[in-house]
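Heads up, the thing below is written out as structure tokens.
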Amino acid sequence: MNGQNGFLNNKKRVVFNLLPALAATLLLVGYGMWSAIAQSFQSVDGEWTMASYLELFNSLAFFHSLKLTFRVAILSTLLALVIGLVMTRMLYQFFRDSSSKVLVWIPILIPHFVAGYLVYLFFSQSGLFSSLFYQLGVLDHRAEFPVLVQEKFGIGMILTYVWKEVPFVILMLLPVYYEIDHRYSEVVRTLGGNKWDVFRSVELPWLLPVMVETGLILIAFIASAFEIPYLLGVTRPEMLSVRAYEWFYDGDWSKRPLAFSAMILPGVMALLLAIFCIGAVQKHRLRMIKGRNR
Amino acid sequence: MNQLLQCKNMSKHFSKVPILQNISFHVRSGEHFTIVGPSGCGKTTLLRCLAGLEDISGGEIWLKQKSIVTLKPEERSVVLMFQDSLLFPHLTVIENVTYGLKRRKMKKKERVSEAEQMLMKVKLLHLRNAYPHELSGGQKQRVSLARALVLKPDLLLLDEPFSSLDASLRESLRGEVKELLREENITALFITHDRDEAIEMGDRLAVMNKGTFIQIGEPFDVVTNPSSIESARIIGEGLALEAGFIPLNKVIAIPAEQKPSEKDYVFVQGKVKAVTVKNNLPCYRVTFDQGSILAVSDRNLVVGQNVLLSAKREDMKKYKNQEEQWRRVQ
Ligand SMILES: Nc1ncnc2c1ncn2[C@@H]1O[C@H](COP(=O)(O)OP(=O)(O)O)[C@@H](O)[C@H]1O
Ligand SMILES: [Mg+2]
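Sequence lines, in order, name chains H and D. Mapping of the first sequence onto numbering that gives the first Met the number 0: residues 0 to 293, in sequence order. Mapping of the second sequence onto numbering that gives the first Met the number 0: residues 0 to 329, in sequence order.
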């Protein structure tokens, strides 16, 4: 065994070599996390207290923000997953051997802030679409154009997130499509199943774990992102990240613990959701991997 | 006539390359028909065309007096069993077996009871709730068979279903499957590149070469009277020579020095490559310029020895070369 030559075996050596990088990352992230959690449990003067959490639970504004945040995050994610799935299927079928399919990934390169600005530019009441319809005579006044951005439901934000995240969903799902053993599709057909059965019994089981993971990433990202809600949201209710930002920079610092707890709570919720979902798909994933023919 | 399946002049091209050419044959109701041929000759393609997974380029396919050429695979009462078992990995054994019945909208209670009966017949009822990754290769292949048989298709197509199993398992499963197909009165078309399997499994046998059938007949007939040298090489048990076919039991290996008279005997030069035992007799693997056979001898031969494979001239069978005859029939 060559492990006896050195004082460490291979696995340990890898860890040892990675130690400086690991330590820096863990220390920085860990310290940041710790200090955020600590501050959420402290008063401005440094006393330990649950006060900020109690205040949150008694704050209607917080619950409205929480509701909006989850609505936007979940709706955007579901829409992005469904649209992304449909587009992945079409790309796989029609552009199987063409490299032009990479074009759909262009939106990934656009910064979120720019994407939000584009949506504002096109869909606001003074935006390009409303001008266009006005010029065409479809609308008598520009104000007749439906309020799509900066309204209470968050349509503008959802719109932005969907068109920004669909390419990400495709990026995640397309490799899975190539990995699927398409002889199973023929098994379904010969056993009397139609194309819908092929999707349900062959494609979906392979896609499911990746879709769950992609969904979790998107929900966690959207629930904590700041720039799009800041650009496209309304003053009340605002998304949690905007709420926290305002508390953080509130004049006398007395609201800082609130800002931290307002971000930690949804973080914990996302973490629990992730543990639950990944645990649920893990068994399924193992069956799929071990049970396929070669 | 009782002809369940009829194929007439079927052909198939892949981007202008002909893979199947002018295939004509019929399968009777309840019959087990086997197709044997070297790998790459188009056997799988033929089955895929019958199952509807490939469109044919020409010809006709009739099932129960109805043309099925334009039907989708799910509309044909034909089930194809693949080389690999291809069980759905996320479904249990029983869910796999009921899969097809569910597509037919059969009630849950009924389909489970049908599936359980079929699992009993393949002796796997105790594994009904197992997942495919918990089964052995032979068990998977049996579940796959149950999944096909439970649908009671008019025609079952089997594409080398045992080729991924080890030899002893293959032999035992062969008999079991044959019996089960008979019991269920299933008409089956069975593909293999294994001679023994082809002879054992079929009521009738077709020899395929380069995308076309070169001989069809009862297994014993085909094996003992190959109609051409190609057929003899693929299925014949004996020495396939240009001039004719010599059944193996008439062939004897003799030391090269003891050449008998050319008037009464034919011989081929060869070399002993290995010594083995068959039917409790010493046997010699002799290679000659067109292949190798297992021959017996009345002497003790050693590895590396030059020998003559010899037989009486009167034992050589001329090839019937049925091809012209066939053309007249069709
Ligand atoms: N989809 C396809 N496209 C092009 N050529 C194919 C395709 N499928 C099979 N072939 C060719 O058809 C020939 C016969 O293949 P196959 O039917 O699988 O042979 P077998 O099952 O007898 O081994 C092979 O030469 C193979 O390369
Ligand atoms: Mg094949």
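Every residue, glycine too, gets a C-beta built ideally from N, C-alpha and C.
Given the structure, does Ile-48 of chain D come close to ligand 1, in the sense that its CB is under 7 Å from one of the ligand's heavy atoms?
As a working mapping, residue 48 of chain D is identified with position 49 in the second sequence. It should be pointed out that residue 48 of chain D corresponds to Cys in this sequence rather than to Ile. It does not: the Cβ of Cys-48 of chain D is nowhere closer than 7 Å to a heavy atom of ligand 1.
Run through chain H and tell me which residues come within less than 7 Å of Glu-73 of chain D, C-beta to C-beta.
Taking the first residue of the second sequence as 1, we reach residue 73 of chain D at position 74. Under the 7 Å cutoff, chain H gives Arg-188, Gly-191, Gly-192 and Asn-193.
Residues of the stretch 105–133 of chain D whose Cβ lies closer than 8 Å to any Cβ of chain H, in chain order
Tyr-130, Pro-131 and His-132
CB-CB under 6 Å to Gln-3 of chain H, same chain, minus the five flanking residues each way: which ones, in chain order?
Residue 3 of chain H sits at position 4 when you count from the first residue of the first sequence. Residue placement at Gln-3 of chain H is flagged as unreliable, the pLDDT there being 46, under the threshold of 50; a coordinate-derived value is accordingly withheld.
Any idea what DSSP makes of Tyr-283 of chain D, helix, strand or coil?
The residue you call residue 283 of chain D lines up with position 284 of the second sequence. Tyr-283 of chain D: strand per DSSP, three-state reduction.
Who are Asp-158 of chain D's beta bridge partners in DSSP?
For the purposes of this step, residue 158 of chain D is taken as residue 159 along the second sequence, with counting starting at 1. Bridge partners of Asp-158 of chain D: D:Ile-190.
Assuming contact is defined by CB atoms lying nearer than 8 Å, are Ser-351 of chain D and Leu-85 of chain D in contact in what I supplied?
The structure shown does not extend to residue 351 of chain D, since chain D is modelled only from 0 to 329, so the question has no answer here.
If contact is defined by three or more beta carbon pairs under 8 Å, each pair taking one atom from either stretch, is the stretch 85–94 of chain D in contact with the stretch 163–175 of chain D?
no
Excluding the five sequence neighbours on either side, which residues of its own chain have a C-beta within less than 6 Å of the C-beta of Gln-304 of chain D, listed in chain order?
Your numbering for residue 304 of chain D matches position 305 in the second sequence. Here the set comprises Val-271.
Could you tell me if Ala-219 of chain H is buried or exposed, where buried requires 16 or more neighbouring beta carbons within 10 angstroms of its beta carbon?
For the purposes of this step, residue 219 of chain H is taken as the residue at position 220 of the first sequence. Buried, since its Cβ has 16 or more Cβ neighbours within 10 Å.
By the three-class DSSP mapping on this structure, what secondary structure does Glu-30 of chain D have?
Here the question's residue 30 of chain D lines up with position 31 in the second sequence. Three-state result, Glu-30 of chain D: coil.
Applying the 10 Å Cβ sphere with the 16-neighbour rule, what's the burial state of Thr-87 of chain H?
Along the first sequence, one-based indexing puts residue 87 of chain H at 88. Thr-87 of chain H comes out buried.
Using 10 angstroms around the beta-carbon of Asn-224 of chain D, count the other beta-carbons present and answer buried if the total reaches 16, otherwise exposed.
The residue labelled residue 224 of chain D in the question sits at position 225 within the second sequence. Buried.
Mind pulling the beta strand (DSSP E) runs of 3 or more residues that sit fully within the stretch 234–272 of chain D?
237–239, 244–246 and 251–254
Using 8 Å as the threshold, is the C-beta distance between Ser-75 of chain H and Tyr-177 of chain H below it?
One-based indexing of the first sequence puts residue 75 of chain H at position 76. One-based indexing of the first sequence puts residue 177 of chain H at position 178. No, the pair does not count as a contact, with Cβ atoms beyond the cut-off.
Leaving out five residues on either side along the sequence, give the residues of the same chain with a beta carbon under 6 Å from the beta carbon of Gln-321 of chain D.
Residue numbering aside, residue 321 of chain D sits at position 322 when the second sequence is read from its first letter. Any reading at Gln-321 of chain D must be qualified, since the residue scores a pLDDT of 45, below 50, and its modelled position is unreliable; no value is offered.
Is Gly-39 of chain D near ligand 1, going by C-beta to nearest heavy atom under 7 Å?
Taking the second sequence and counting its residues from 1, the one referred to as residue 39 of chain D is at position 40. Yes, the beta carbon of Gly-39 of chain D sits closer than 7 Å to at least one heavy atom of ligand 1.
Looking at C-alpha atoms only, which residue of D:Asp-314, D:Lys-311 and D:Glu-236 is the closest neighbour of Leu-293 of chain D?
In the second sequence, counting from the first residue as 1, residue 293 of chain D sits at position 294. The candidate whose alpha carbon is nearest that of Leu-293 of chain D is D:Glu-236.
Can you grab the Cα-Cα spacing for the pair Gly-136 of chain H / Ala-279 of chain H, in whole Å?
Locating residue 136 of chain H in the first sequence gives position 137, where the first residue counts as 1. Locating residue 279 of chain H in the first sequence gives position 280, where the first residue counts as 1. When rounded, the distance between both Cα atoms is 54 Å.
Residue(s) in a DSSP beta bridge with Ser-23 of chain D:
To locate residue 23 of chain D, count along the second sequence from 1; it is residue 24. Partner(s): none; Ser-23 of chain D has no beta bridge.
Under a Cβ-count criterion, where at least 16 other Cβ atoms within 10 Å of its own Cβ denotes burial, should Ile-55 of chain D be classed as buried or exposed?
Your numbering for residue 55 of chain D matches position 56 in the second sequence. Flag for Ile-55 of chain D reads buried.
Please compile the residues from chain D whose C-beta is within a distance smaller than 7 Å of the C-beta of Arg-318 of chain H.
The structure shown does not extend to residue 318 of chain H, since chain H spans only 0 to 293, so no value can be given for it.
Am I right that Phe-201 of chain H and Tyr-229 of chain H are in contact with their C-beta atoms under 8 Å? What's the rounded C-beta distance?
Taking the first residue of the first sequence as 1, we reach residue 201 of chain H at position 202. Taking the first residue of the first sequence as 1, we reach residue 229 of chain H at position 230. In the sequence as presented, Phe is not what sits at residue 201 of chain H; that position holds Val. That pair is no contact at about 43 Å.
Limits of the unbroken alpha helix (DSSP H) element including Glu-182 of chain D:
Position 183 of the second sequence, counting from 1, holds the residue named residue 182 of chain D. Counting along the chain, the alpha helix (DSSP H) containing Glu-182 of chain D begins and ends at 166–182.
Quick check: is the beta carbon of Asn-4 of chain H nearer than 8 Å to any beta carbon in chain D?
One-based indexing of the first sequence puts residue 4 of chain H at position 5. Because Asn-4 of chain H carries a pLDDT of 49, less than 50, the predicted location of this residue cannot be relied on, and the following value inherits that uncertainty. It does not; no Cβ of chain D falls within 8 Å.
Contact criterion: CB-CB distance below 8 Å. Does Ala-145 of chain D meet it with respect to chain H?
Walking along the second sequence from the start, residue 145 of chain D turns up at place 146. Output row for Ala-145 of chain D: interface = no.
So, are the CB atoms of Tyr-283 of chain D and Ala-252 of chain D less than 8 Å apart?
Here the question's residue 283 of chain D lines up with position 284 in the second sequence. Here the question's residue 252 of chain D lines up with position 253 in the second sequence. For Tyr-283 of chain D and Ala-252 of chain D, yes; Cβs fall inside 8 Å.
Does Met-287 of chain H have its Cβ less than 8 Å from a Cβ in chain D?
Position 288 of the first sequence, counted from the start, is the residue given in the question as residue 287 of chain H. True, the Cβ-Cβ gap to chain D drops below 8 Å.
Coarse secondary structure for Leu-21 of chain H, derived from DSSP in three states
For the purposes of this step, residue 21 of chain H is taken as the residue at position 22 of the first sequence. Helix, per DSSP.
Is Ser-260 of chain H closer than 8 Å to Ser-51 of chain H when the C-beta atoms are compared?
Residue 51 of chain H sits at position 52 when you count from the first residue of the first sequence. Residue 260 of chain H sits at position 261 when you count from the first residue of the first sequence. In this structure, Ser-260 of chain H lies closer than 8 Å to Ser-51 of chain H by Cβ.
Tell me the rounded alpha-carbon separation between Ala-60 of chain H and Leu-25 of chain H.
In the first sequence, counting from the first residue as 1, residue 60 of chain H sits at position 61. In the first sequence, counting from the first residue as 1, residue 25 of chain H sits at position 26. Using only the alpha carbons, I get a separation of about 34 Å.
Backbone CA spacing between Glu-208 of chain D and Thr-213 of chain H [nearest angstrom]
Taking the first residue of the second sequence as 1, we reach residue 208 of chain D at position 209. Taking the first residue of the first sequence as 1, we reach residue 213 of chain H at position 214. Per the sequence shown, the amino acid found at residue 208 of chain D is Asn instead of Glu. Spanning the two alpha carbons is a distance of roughly 51 Å.
Are Leu-188 of chain D and Leu-154 of chain D closer than 8 Å when you measure CB to CB?
Position 189 of the second sequence, counted from the start, is the residue given in the question as residue 188 of chain D. Position 155 of the second sequence, counted from the start, is the residue given in the question as residue 154 of chain D. For Leu-188 of chain D and Leu-154 of chain D, yes; Cβs fall inside 8 Å.
Against chain D, with Cβ distances strictly below 8 Å, would Glu-185 of chain H count as a contact?
One-based indexing of the first sequence puts residue 185 of chain H at position 186. Interface residue, yes.
Verify the contact flag: Lys-209 of chain D, CB atom, against every heavy atom of ligand 2, threshold strictly below 7 Å.
Against the second sequence, residue 209 of chain D aligns to sequence position 210. No, the Cβ of Lys-209 of chain D stays beyond 7 Å of every heavy atom of ligand 2.
Is the separation between the beta-carbon of Pro-37 of chain D and that of Ile-233 of chain D shorter than 8 Å?
Sequence index remark: in the second sequence, residue 37 of chain D carries index 38 (1-based). Sequence index remark: in the second sequence, residue 233 of chain D carries index 234 (1-based). Cβ distance < 8 Å, so Pro-37 of chain D and Ile-233 of chain D count as in contact.
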